[in-house]
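Report on the structure given below.
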Amino acid sequence: MKVLLHACCGPCLLEPFDALVAEHDVTVLYANPNIHPAEEYRKRRDTLLAYAAEHDIAVIEEPYDPTLWAQAVAGLEGNPAERCRACFRLRLGIAARTAASLGMDAIATTLTVSPYQDQAAVAEAGATAADEAGIAYLDADFRERYPEATRRSRELGMYRQNYCGCALSDSEAQAEREARREERKAKRAQQEAG
Ligand code: SF4
939 MKVLLHACCG PCLLEPFDAL VAEHDVTVLY ANPNIHPAEE YRKRRDTLLA YAAEHDIAVI
999 EEPYDPTLWA QAVAGLEGNP AERCRACFRL RLGIAARTAA SLGMDAIATT LTVSPYQDQA
1059 AVAEAGATAA DEAGIAYLDA DFRERYPEAT RRSRELGMYR QNYCGCALSD SEAQAEREAR
1119 REERKAKRAQ QEAG
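Start counting the sequence shown at 939; every next residue gets the next number (the working numbering).
Right under this line is the structure:
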């Protein structure tokens, strides 16, 4: 099958690409208008492109238009579960339409390697987008391969981001890190006092 693999970043590309290319003719699509700011978008894209160039992997890049993401999640900013569903639908919708316009058979996404994403929501968005475009969705679950993806990306010295992509996820990740720091501090203080 001719498969268009939507890729969110270089580290997440490694394992899904290897698994899919063993069975299919795979082209990679970088379509991520959710990433903020533009500098971060370029950093993730360039990491992916450098790996692709080294390994002779074909990549298509959609023009970066963050207003698409803002429109897709409008009104859902305070509801992370629904906001992420809308974000998946946006990106996989672009992937499905692009794949269909190029005469490809199916789409897949590297989001399926992440233990941090709602995999049921990713699968639903992928299946709906593919169905609307008249192609197939390869419903894979690559989460078992996440530790290997982490190991390989570290070994390759790839840029590894510490938030999902949008500005809201950046603030949420910072708040979580801060909460964990405070928790550790409180635990230490308790141990010292006891
Ligand atoms: S947290 Fe990630 S998946 Fe959710 S809306 Fe932001 S970029 Fe999209």
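Ideal Cβ positions, reconstructed from N, Cα and C, are used throughout, including at glycine.
- Judged by beta-carbon spacing, residue 1022 lies beyond the 8 Å limit of residue 1010, meaning their Cβ atoms are not closer than that value.
- In terms of CA proximity to residue 958, 1075 leads the group 1039, 1075, 982, 1062.
- Our two residues, residue 1096 and residue 948, have alpha carbons roughly 7 Å apart in a direct line.
- With the rule of 3 Cβ pairs closer than 8 Å, the region 1089-1108 counts as touching the region 974-986.
- A direct Cα-to-Cα measurement between residue 981 and residue 1079 gives close to 26 Å.
- Annotated three-state conformation of residue 1046 is strand, per DSSP.
- Comparing alpha-carbon positions, the option among 1000, 1114, 954, 963 lying closest to residue 1052 turns out to be 954.
- In the three-state DSSP reduction, residue 1069 falls in the helix class (H, G or I).
- Out of 1020, 976, 977, the CA that lies nearest to the CA of residue 1059 is found in 1020.
- Within the same chain, Cβ atoms closer than 6 Å to the Cβ of residue 1037 are found at 942, 1045, 1073, the five residues on either side in sequence being excluded.
- Between the alpha carbons of residue 964 and residue 1031 lies a distance of about 18 Å.
- By the neighbour-count criterion, in which a residue is buried when 16 or more other Cβ atoms sit within 10 angstroms of its Cβ, residue 1027 is buried.
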